[in-house]
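Residue numbers (the numbering used here), protein chains in the order written: chain A, 2 to 111; chain B, 12 to 125. The beta carbon of each residue, even a glycine, is placed where N, CA and C say it ideally should be. Treat the numbers as computed from the prediction; the structure is a model and nothing was measured. Written out below as structure tokens is the structure these notes cover.
Written out as structure tokens, the structure reads:
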């Protein structure tokens, strides 16, 4: 079973920041938080990951709370191409598989 | 460009026929994985390999076989023993287990039964 809880769907206006929340209250000290997204009929695309510090790359920012029980993925300027299902995953180094939950279906509105 | 290539994109199989799905990566990754995704569902791990000439069963290995003769290649054979093979098959790779390295995915092969 997935160790994360995400809202099933969200809307965001094009050009605005999309903030996708994720709860992972049972996360262990050695588990990382990963974010992927899947556009229809394509493979999941890796976005970003972090352990306890906030992270930023060319795609997004990841904000992890101090107690590590929740995180937020931020897409700073959403475009129509960001419409996808976004998955928040916790995984330790020793884990060989990724367990995808149901994710959040993000709709970008023109 | 570096990446993971899966072929073919669409594949049709007759009843009782074995088919092989190709997965090639030029990322110099040690680890490779095969997942299956059914409509509206998450990914389920079929097989994985952490190093050449070694592989392990995942959660749903029955009816599937793999080989890892080269670092860059990890083909998956769907045998006639797999009773419900219609699904979206995804291959992934990662540097390895160290340092929280992410898995990167190919664009998948969609297998259908005729």
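| query | Along chain A, in chain order, which residues have C-beta atoms closer than 7 Å to that of residue 66 of chain B? | reply | On the second chain, position 55 is the one that residue 66 of chain B refers to. Here the premise fails: no neighbours, minimum Cβ distance about 11 Å.
| message | Using a Cβ-Cβ cutoff of less than 8 Å, which residues in the same chain neighbour residue 112 of chain B once the five nearest sequence positions on both sides are dropped? | response | Here residue 112 of chain B refers to the residue found at position 101 of the second chain. Only 105, 106 meet the Cβ criterion.
| field | Other residues of its chain near residue 96 of chain B: CB distance less than 6 Å, five sequence neighbours each side excluded | value | As a first step, residue 96 of chain B must be located in the second chain, where it is residue number 85. Closer than 6 Å at the Cβ level, and outside the excluded window around residue 96 of chain B, lie 89, 122.
| message | Between residue 48 of chain B and residue 98 of chain B, how many whole angstroms is the CB-CB distance? I'm expecting something under 8 Å. | response | Position 37 of the second chain, counted from the start, is the residue given in the question as residue 48 of chain B. Position 87 of the second chain, counted from the start, is the residue given in the question as residue 98 of chain B. Right, the Cβ-Cβ distance comes to about 6 Å (below 8 Å), so this counts as a contact.
| Taking the continuous beta strand (DSSP E) assigned at residue 83 of chain A, which residues delimit it? | To locate residue 83 of chain A, count along the first chain from 1; it is residue 82. No beta strand (DSSP E) holds residue 83 of chain A; DSSP gives it neither H nor E.
| Pick from A:61, A:13, A:53, A:46 that is closest to residue 67 of chain A, judged by C-alpha positions | By 1-based counting over the first chain, the position of residue 67 of chain A is 66. The candidate whose alpha carbon is nearest that of residue 67 of chain A is A:53.
| query | With respect to the beta strand (DSSP E) encompassing residue 1 of chain A, which residues constitute its N-terminal and C-terminal limits? | reply | Residue 1 of chain A falls outside the range modelled here, since chain A spans only 2 to 111, and no answer is possible.
| request: Give me whichever residues DSSP pairs with residue 5 of chain A in a beta bridge. | output: Reading the first chain from its first residue, position 4 is the one you call residue 5 of chain A. In DSSP, residue 5 of chain A forms no bridge with anything.
| Using a Cβ-Cβ distance under 8 Å, would residue 112 of chain A count as near chain B? | Because residue 112 of chain A is not part of the residues shown, which for chain A are 2 to 111, the question remains open.
| message | Could you check whether the Cβ of residue 54 of chain B sits closer than 8 Å to any Cβ belonging to chain A? | response | Taking the first residue of the second chain as position 1, residue 54 of chain B is located at position 43. The Cβ of residue 54 of chain B sits closer than 8 Å to at least one Cβ of chain A.
| task | Taking residue 44 of chain A and residue 116 of chain B to be in contact with their CB atoms under 8 Å, please state how far apart those CB atoms are, rounded to whole angstroms. | result | Position 43 of the first chain, counted from the first residue, corresponds to residue 44 of chain A. Position 105 of the second chain, counted from the first residue, corresponds to residue 116 of chain B. Between residue 116 of chain B and residue 44 of chain A the Cβ distance is about 4 Å, and since that is below 8 Å, they are a contact.
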